Amino acid sequence: MKEKKQYCGLDLLKFVMALLVAARHMIQVFYPAESRWRLVIGSWLSNLAVPIFFIIAGFLLFRKIPDPRRCKDADAGYSYGGGNKTGGWSVVWRYVWRIVKLYLIWCAIYWPIDIYNWYHGTATIAETVKAYIHSFFVSSTIAQLWYLPALALACLIVWTGYRVGLKIWMLLILTGSLFVFGCICDNWYFTQQAPMKIQEFVWWYAPKFVTMRNGLFYGSFYLALGLWFSRKTWRMPLLLALAGSLVSLALMYKEVSTCFNTNMVFSAAPAAFFLTELFMRAEGGYSRFFVTLRKMSEWVYFSHFYFFYFFSWTVKWNPLPLTEKNIALCVLVPMILFAWIVSVLSGRERFSWLGKLI
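If you use this note's numbering, the sequence shown corresponds to residues 5 to 362, in order.
Okay, here's the thing in structure tokens:
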């Protein structure tokens, strides 16, 4: 039997990116405004994470679906990618439904935090419910969960475009234009220099939809890149991928330090592209270590806000001085340990239900 290919490099890259997301939010909550880590991690390195998540998700999803344009028997009604004459729609729909279920599950898991915030806030129940419903559909009340509905929407946008006949380069131009527009509208540094019509659009858009970081203006471009990765048959030379990663990271640092980007960064696109290409080179057969690492990245990403609250609730009993280093230790070490424990347990039959949470 042919051994299933495992992208060990992508598993490692995802884990590092998940840690950066957790560190970003920890820094935003607990570190002083003057901390240099707000720039280095909060604005620079952590802004690689979600683009890379989108690219990898798109790559792993679309590689499961044979290219309908290369399938000689597609028009004759033969099944490919999970359906007759559907071009893989059944695969995409199953994936989207799985993502939606994950979003619903994790929103429910975070209800205790939402209730706690309401209890210690000043809003009425009616105001809280209204705000929650609005956030549920446009951004989520918990910072990292917005990624899930954005991923689901981006999958539908990209696969619809591909199935109606758009070539991948057309999709990249179309979604890339949406990404550029989103970057301009998401950062006031660019918005204030844009034509008045764009500024008026932002004033109308922001109260209703909160952010440009969604499946339309953000996720669709990176999912299209993931589709491109799944269809290409050549590999970039190692030195070119490495050089591209380093140059793009330098450009990204220059951009965020000049333009004060904290969410959508133009140069994150080439940086995420080259890093994905670089780490994709590391592949092989089955490895339990990298399977565990893959699960840990999911647990770190989804659960890390709970560890912020646990730290806050127990801080009065914490004997360590509240330095930046000690805060990081008290938050990140228990979080990583928890992620490792549940990842290992989920591999056992008795606790296999844990796998349905990631």
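Glycine is no exception: its CB is placed at the ideal position from the N, C-alpha and C atoms. Predicted model, so just to flag it, every value in this text is computed and none were measured.
Could you spell out the range, first to last residue, of the alpha helix (DSSP H) harbouring residue i?
| i | result |
| --- | --- |
| Asn121 | 115-123 |
| Glu328 | 328-349 |
| Ala198 | No alpha helix (DSSP H) contains Ala198, which DSSP labels as neither H nor E. |
| Glu38 | No alpha helix (DSSP H) contains Glu38, which DSSP labels as neither H nor E. |
| Asp190 | 172-190 |
| Ile60 | 53-66 |
| Tyr166 | 151-167 |
| Leu363 | Any answer about residue 363 is impossible in this case: the structure gives the chain only from 5 up to 362. |
| Phe230 | In the sequence under discussion, the amino acid at residue 230 is Gly, which differs from the Phe named in the question. Residues 224-235. |
| Met300 | 292-318 |
| Leu282 | 272-283 |
| Thr145 | That residue, Thr145, is in no alpha helix (DSSP H); it is neither H nor E in DSSP. |
Note down the Cα distance separating residue i from residue j, rounded to an integer number of angstroms.
| i | j | result |
| --- | --- | --- |
| Glu353 | Gly359 | 10 Å |
| Val33 | Leu170 | 43 Å |
| Tyr82 | Gly165 | In this prediction, Tyr82 has a pLDDT of 38, which is less than 50 and means its spatial position is unreliable; what the coordinates show is noted afterwards. Answer to the nearest angstrom: the Cα atoms are 22 Å apart. |
| Asp118 | Leu242 | 46 Å |
| Lys89 | Asp71 | Interpretation of Lys89 is limited by its pLDDT of 44, a score under 50 that renders its predicted location unreliable; the figure taken from the coordinates is listed afterwards. Taking the straight line joining both Cα atoms gives about 12 Å. |
| Val142 | Asn218 | 8 Å |
| Phe19 | Gly180 | 26 Å |
| Glu131 | Lys236 | 50 Å |
| Trp344 | Ser301 | 9 Å |
| Gly62 | Leu244 | 23 Å |
| Pro116 | Ser316 | 15 Å |
| Trp321 | Ile113 | 26 Å |
| Cys111 | Gln196 | 35 Å |
| Tyr136 | Thr145 | 7 Å |
| Leu231 | Ala27 | 29 Å |
| Ile177 | His29 | 32 Å |
| Trp208 | Val295 | 45 Å |
| Gln203 | Asn330 | 42 Å |
| Cys263 | Trp357 | 45 Å |
| Ile129 | Lys258 | 44 Å |
| Phe125 | Phe140 | According to the sequence provided, residue 125 is Gly. The question's Phe does not apply to it. Between Gly125 and Phe140, the C-alpha separation is close to 19 Å. |
| Gly324 | Arg167 | With the sequence shown as reference, residue 324 is identified as Leu, and Gly is not the correct amino acid for it. Rounded to whole angstroms, Leu324 to Arg167 spans 57 Å at the Cα level. |
Are residue i and residue j touching if we call contact CB-CB under 8 Å?
| i | j | result |
| --- | --- | --- |
| Thr280 | Ile56 | yes |
| Leu149 | Tyr120 | no |
| Ser50 | Glu328 | no |
| Met240 | Tyr11 | no |
| Asn265 | Ser47 | yes |
| Phe213 | Cys189 | no |
| Ala247 | Gly13 | no |
| Ser291 | Phe342 | no |
| Leu155 | Phe293 | no |
| Leu297 | Ser249 | no |
| Trp303 | Val346 | yes |
Let me make sure I understand the geometry here. Which of the options has the alpha-carbon closest to that of residue i?
| i | options | result |
| --- | --- | --- |
| Thr215 | Leu255, His138, Cys159, Trp173 | His138 |
| Phe278 | Leu17, Leu326, Ala154 | Leu17 |
| Val151 | Tyr305, Cys334, Ser316 | Sequence check: residue 151 is Tyr here, not Val. Among Tyr305, Cys334, Ser316, the Cα nearest to that of Tyr151 belongs to Tyr305. |
| Ala273 | Phe293, Val335, Leu227 | Leu227 |
| Val260 | Ile45, Tyr35, Ala22, Ala26 | Ile45 |
| Trp101 | Cys159, Ala127, Val54 | Cys159 |
| Trp93 | Pro199, Trp163, Leu333, Tyr310 | Trp163 |
Verify the CB distance criterion: does residue i have a CB-CB separation below 8 Å to chain B?
| i | result |
| --- | --- |
| Asn265 | Given the protein chain composition of this structure (a single chain), no chain B is represented. |
Give me the Cβ distance between residue i and residue j, rounded to the nearest whole Å; I'm assuming they're in contact under 8 Å.
| i | j | result |
| --- | --- | --- |
| Cys187 | Phe312 | With 8 Å as the limit, Cys187 and Phe312 do not qualify as a contact, their Cβ atoms being about 28 Å apart. |
| Leu276 | Leu64 | Reading off the sequence, residue 276 comes out as Ala, not Leu. No, Ala276 and Leu64 are not in contact; Cβ-Cβ is about 15 Å, not under 8 Å. |
| Leu157 | Leu253 | Contact flag wrong, Cβ pair sits at about 28 Å. |
| Tyr222 | Met174 | 19 Å between Cβ atoms; not a contact. |
| Leu361 | Phe355 | Actually they are not in contact, since the Cβ atoms of Leu361 and Phe355 sit about 11 Å apart, beyond 8 Å. |
| Ser224 | Phe66 | Their Cβ separation, rounded to whole angstroms, is 13 Å, which puts Ser224 and Phe66 out of contact at 8 Å. |
| Val95 | Lys68 | 6 Å |
| Ala127 | Phe309 | Contact flag wrong, Cβ pair sits at about 19 Å. |
| Arg42 | Ile31 | 6 Å |
Beta carbon of residue i: closer than 7 Å to some heavy atom of the ligand ADP?
| i | result |
| --- | --- |
| Met30 | Ligands in the displayed structure: none, and consequently the ligand ADP is not present. |
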